[in-house]
Structures are given as C-alpha cells and as structure tokens.
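The structure appears right after this line, and notes come after that.
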Amino acid sequence: MKAKYVLLTIPVWISLLIGSCRKDSESSLFDVNPDDIPYNEQKVFSDSIQTMEFVTSIYRNLSYNYFLDNAEHSGGGYWSFADITDDAENRWSGNAQIAPMFNLNTFPSESGWSRFNNAWTMGYRNIRWCNIFLKNSGRVPISGPVKSRLAGEVKFLRAYYYLHLFRLYSGIPLVGDSVYTLTDPIKATRATFAETVNYLSKELDEAAAALPLKHQASDFGKPTKGAALALKSKLLLYAASQLFNGNNIATDPTVAPLIGYTDSDPQRWKKAADAAKAVIDLGQYSLLQGNPAITSQHGLYLATTQRVNDELIFSILPTSGRFTENRLLPPSRGGQYYSFPSHALVDAFDMSNGKPIADPQSGYSETSPFVNRDPRFYVTILYQGALWLNNNLTTSSAINFAVNSTTGDVFGTSTRTGFLFRKLCNESATGGGGLSTNAGLIVSRYAEVLLNYAEALNEFQGPGQEVYQAVEAIRQRGGLNPYTLPVSLNKDQMRAVIRNERRVELALEEAHRFFDIKRWKIAEDVNKGPLVGRRYATPASTGERVTAETRVFITPKMYNFPIPLTEVNKAGGAILQNPGW
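In UniProt numbering, the protein residues as written are 1 to 581.
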C-alpha cells in the first residue's frame, strides 16, 4: 500500500492528521516494500517542498506512539495506556481490543494476535522513513543550517519511535542508518538492553546538539534541544529502574541481556539524574502558575490544555479540533467517554492539607469523598455532582452518574467506574458549538522532568535538599496547603511520595502510569485483583464502592509486549521472544 502524503503549510506541516491509519498488512522491518516511497527519491530530495512533504509524513505518525492500539488511533475506543493500569478502565469491556484482553489475559492468539503487531510495524516503518531522509538529506537544496536542523529533527523522531519500541519490548533490532531493499540481507537480531540504551542516548545527544533552544513562533511544535534532552531523561530513568537494574525477570541466560541489565549499578540512577538536570539547567521551562485567583489548580489546567506554554517541552499537535474533549467527556458535554478513572486513582489524591486520605488527621470522610481534596483532583476527575459548562457555554450544571437502581452494578451514565476524566479537557470546548482547542498530546513537560530528577537523585543518594525542592515545587503549584513535606523522610518514604506525585500530577498523560508500574516492578501487585469504582443509586447518594472488574496480571509475561510472531518466524530463530510468550 502506498503512503499518502499531504502538503501542509508551516507551521501546520509538522502536525499529525488524527484520522490517518495503517493496516496490519503493511510492511514491517522485514517486509521492505519499494512502494513505501510513492515517488522517485532523486526527485523528492532535489526539491525542498517535496522534502518537507516527506518529513511531514514522519511527524504525522507520532500519535501512533501515544495510543494503546495504534492501528485505530483516531477512535473506536483504542484509547489510553492508562486503561491497562490500576488508574483506569476501558469503555469496551470484553471486546477484542488490547485493553480488555490485557487486563483479563484473554488474548485470542497470544503473540500472533494482529493487535499486538501494530506498534512494531508502525515503529519500524517510520524508522525506515527517517533513514531514507538522512541518507538523502545532503542533496536537498536548502541552506546548511536548515539542513542540519532538519537532520536533528529527524534524528529526534527516529529516537522517539525507537524509544517507544524499547519501552514495549526491551532490547530491539537496531538498524542504524540502513535503508534495506528487497535484495539486501537484513540483520534480524535484537540488540541487548544495554546496547539499545547506549544507542538511543547517543542519538539523542546528537539530536540535541543540532536542535535550537527555541523555534520561531511559526515553527512551534518541532522538537528543540530541550525536547531531545527530556526524551533522554525519560530513557535513562526507565533504564535505571527496579525492573531492569538488577532485577531481571528473564530466567533464560540467553534472553536475559535482551530484557534488562544483568547486573545492578547505582550509577545508572546518577546518569538519569544528570540527564534531568541538563533539561533544568537550560533555563527554558517553568511550572505554569496560572491565576490562583481563578482556582488554586489553574496552573495545571493551563499546562495541560493550552497548545503553547512555558511548561510544555514537546507535544504532538493535531491540526485542529477538540480531540481530547470528544473522547473523554460524557455525551451531555459532547464526548464519547472512552476511559474511566479507577477509585484507586481517586484515592491517590491527598486532601488539600497535603495529607493522604488514609491519615486519620487528613479530614477525609467516605460520606463526603470529594470535599477538600488536592486541588489537582478537580482538574483531573469528573465525579458525581462535579460542575461542567453546559452546551450553551453560559451556565454550568452537575454531572450525573447515578444508575437509579439497586442492582449493585457499577454501570452508570457514561461510566463503568462512576468517574470520568476531565484532565486535558478545556471546559470551553464543550460540545454544541464549543471552542476548537487545538491542544496537543503531551509527550514531555517540565513537571515530569522535575519528578524524573527527584526520583533518580533520591534513588542514588537519598532525599537531600534538591529532591525536596523538586517535589515541593510540584506540590506548591498544585495548590496543596501546606505543600511542604516532613523534613525527616528516609529514602523509602520519599520514594513513596514521589511515586504518588507522579501518579496524580501526570495522570492520563502519555503512557506514564503503564511504564511506571512496569519499571518499578509493581504491576504484578497493583494491577491484579479488583478494580474498584463507585456506584450511585440516586443523584443525591454519596455512593458506595463496588468492583468494576477483576484484573489478571501474569508475570513475567505481561511486563513486555510480545515480539510479533510473524517477525519471529521470518527471522528463523534469530529474534528471541520475550519471556512468557
């Protein structure tokens, strides 16, 4: 199948087209098809406009990395990685999609299931396109500085596609700058975990060196030096974490080096801390404070709903529309309610006084569970009785999830857990003539970098002053009062604080929770057993906790996605499968 290219004007040429999709039958790393390039390379790369069209095609597919089932990223319920964590439930229970199949371990054909093949196929397709550009960039008739910057952008994009493959599969085949043809022998083996980390770290350093600190306003959305360094911070934090740094889950000594490090080294935490500090030291980003006179959580709201702000480091930009609002809000507000927060996520938000709800001094009441919570709760969760702007955009009314029955089921109006997400949604983008927000899909923002830094530094040397400062900056912006932490926390206690801060601050963004509980090696504990929601018999009821679903998590199998069976078979045994598959 030939890829379709659309010429877009700057700055929109960088944008993704939300409706585009690829089919499972299209080429993978080992199905090199000349028709992937719909016109002659010599012609394309001797023309600056057609070169930009080609680069646009690489940008356009970035959103595939953002969604759980990247064959149908524009709809159909193939929503967030959060849906296969303890943070959320998917709308379509029992259907043949990754979320319900993953949560219940009911994959129809294990590693041969086509749904699992999509990430691999699209990842290597786009890596190949990056390599085609880099091979031909020297002949493009543009100035040297622009050519160098474009090469940096494409190196960043290639690293981003590789990083997502790495997070899903661990060690992966690295094709370098190669562009294989039908007659070329292909090196069909997986690099080790360490080799993959080292390769991507070097690639991101090279991308950062070629990219500017800032782009002109017309080019907003292209990766910058900070975006490359933030991606490196994500990479090294992941590699240093508990699942990979001395806790290898593979029992086969041949497979183990592909899955993680085979030794434990605390210096990996130091490298992760240094990578995050490099972003901080750029001085280009800050936590958005907003206007506290509007609400104490206004900064987080703006940081996650604005297309452009000083906290965003890199996001995937749609061309137009109310993409997130269409998919998360209830029908009464013009949405399709794709994803449902769990009660466990709701409970993770402290009280406004900074105390966990389990603390007897917190003031929490099960009969008034949504009163005086961490202000970030109110920009993350739609709960029973929460106010949201009506379609007339002039008045607000309460969200109603009551089931009006005594059957005990959790199914309410537009939710399977008694909650919906309001995170990433602009209230002015309510359906029926609401604002077209054009907000992006957040890949990296400054709050994540601060939490990366705090976690890595705490794991390396304990909770010193810099760790406290980073975590308390997040809590202060979030509106907690007091936002300060006890001065005598030990490493384990600070670890628990940081992990919870990541959970509530970064909820629903990118794929943080899924990869966090994986890298911390706690998915087998937190994503198994009852997933609890809240049922409201009447609009006035305070609700009761009920089980929405009973989860299954199989270790080590479910810590990695399976290498597609077709790729394993094509490689003739040279590609080793992940443990448990």
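Ideal Cβ positions, reconstructed from N, Cα and C, are used throughout, including at glycine.
Next on the checklist: Assuming contact is defined by CB atoms lying nearer than 8 Å, are I49 and W129 in contact in what I supplied?
Outcome noted: no
Item to check | Reference Y338, options T394, V371 and T415, closest by Cα | outcome: T415
Checklist entry - Where are the alpha helix (DSSP H) runs, 4 residues long or more, that stay fully inside the stretch 337-410, in chain order? => result 343-348
Checklist entry - How many angstroms separate the CA atom of I498 from the CA atom of I474? => result Taking the straight line joining both Cα atoms gives about 10 Å.
Checklist entry - Under the rule that 16 or more other beta-carbon atoms within 10 Å means buried, what is residue 594, buried or exposed? => result The shown model of the chain, from 1 to 581, leaves out residue 594, and the question about it has no answer.
Checklist entry - Does DSSP put T121 in a helix, a strand or coil? => result helix
Item to check | Nearest to H457 (by Cα), restricted to the options T106, R268, N90 and L174 | outcome: The sequence shown places Leu at residue 457, not His. Here the closest residue by C-alpha is R268.
Item to check | Span of the beta strand (DSSP E), counted from its first residue to its last, around G529 | outcome: In the DSSP annotation of this structure, the continuous segment of the beta strand (DSSP E) that includes G529 starts and ends at G529 to R535.
Item to check | Reduced DSSP secondary structure (H/G/I, E/B, other) of F102 | outcome: helix
Item to check | N326 versus T262 - alpha carbon distance | outcome: Rounded to the nearest whole angstrom, the CA to CA distance from N326 to T262 is 45 Å.
Item to check | CA nearest to the CA of G573, picked from N390, T367, S170 and A188 | outcome: A188
Checklist entry - What residues are listed by DSSP as bridge partners for V546? => result G533
Item to check | Exposed unless 16 or more other CB atoms sit within 10 angstroms - verdict on P360 | outcome: Exposed is the label assigned to P360, since fewer than 16 other Cβ atoms lie within 10 Å of its Cβ.
Checklist entry - Do the stretch 114-123 and the stretch 366-379 meet, that is, are 3 or more Cβ pairs less than 8 Å apart? => result Fewer than three pairs of CB atoms, one per stretch, sit closer than 8 Å, so the stretch 114-123 makes no contact with the stretch 366-379.
Next on the checklist: DSSP three-state label for A88, please.
Outcome noted: strand
Next on the checklist: Across the stretch 560-570 and the stretch 168-175, are there enough close Cβ pairs to call them in contact, namely three or more that are closer than 8 Å?
Outcome noted: yes
Item to check | Pick from D310, L231, M351 and T305 that is closest to P482, judged by C-alpha positions | outcome: Of the candidates D310, L231, M351 and T305, the one whose C-alpha sits nearest the C-alpha of P482 is M351.
Checklist entry - Given Y238, which residues of its chain have a CB within under 7 Å of its CB, disregarding the five upstream and five downstream residues? => result R167, F515 and R519
Checklist entry - How is residue 628 classed by DSSP in three states: helix, strand or coil? => result The shown model of the chain, from 1 to 581, leaves out residue 628, and the question about it has no answer.
Checklist entry - Given T304, which residues of its chain have a CB within under 6 Å of its CB, disregarding the five upstream and five downstream residues? => result L424
Item to check | Cβ separation of V346 and F419, assumed to be a contact under 8 Å, to the nearest whole Å | outcome: 6 Å
Next on the checklist: For A207 and K155, which I take to be in contact (beta-carbon distance under 8 Å), what is that distance rounded to the nearest angstrom?
Outcome noted: Correct: roughly 4 Å between the Cβ atoms.
Item to check | Buried or exposed (CB count within 10 angstroms, at least 16 for buried), R149 | outcome: Classification for R149: buried.
Item to check | Three-state class that DSSP yields for R551 in the structure shown | outcome: Correct three-state label for R551: strand.
Checklist entry - Mapping DSSP to helix, strand and coil, what is I294? => result I294: coil per DSSP, three-state reduction.
Item to check | Beta-carbon separation (whole angstroms), T324 vs A507, contact threshold 8 Å | outcome: T324 to A507, Cβ: 13 Å. No contact.
Next on the checklist: Assuming S444 is part of the alpha helix (DSSP H), what are its boundary residues?
Outcome noted: Counting along the chain, S444 falls outside any alpha helix (DSSP H), though it belongs to the beta strand (DSSP E) covering L441 to R445.
Item to check | S201 in three-state terms, based on DSSP | outcome: helix
Checklist entry - Roughly how many angstroms lie between the CA atoms of N247 and I259, to the nearest whole one? => result 10 Å
Checklist entry - Under a three-way DSSP split, which group does F515 fall into? => result Correct three-state label for F515: helix.
Checklist entry - Hey, out of T85, F553, H343 and G462, whose CA is closest to E524's CA? => result For E524, the closest C-alpha among the options T85, F553, H343 and G462 is that of F553.
Next on the checklist: Can you tell me where the beta strand (DSSP E) holding L485 begins and where it ends?
Outcome noted: Looking at the DSSP string, L485 is not in any beta strand (DSSP E), and its letter there is neither H nor E.
Next on the checklist: Quick check: what's the CA-CA separation for P34 versus I132?
Outcome noted: Below a pLDDT of 50, predicted positions are generally treated as unreliable, and P34, at 36, falls in that range; no measurement from the model is reported.
Checklist entry - Are the Cβ atoms of P375 and S296 separated by less than 8 Å? => result yes
Next on the checklist: For L576 and T566, what's the separation of their Cα atoms in angstroms?
Outcome noted: 12 Å
Checklist entry - Exposed or buried, what is S143 when buried is set at 16 or more other beta-carbons lying within 10 Å of its beta-carbon? => result exposed
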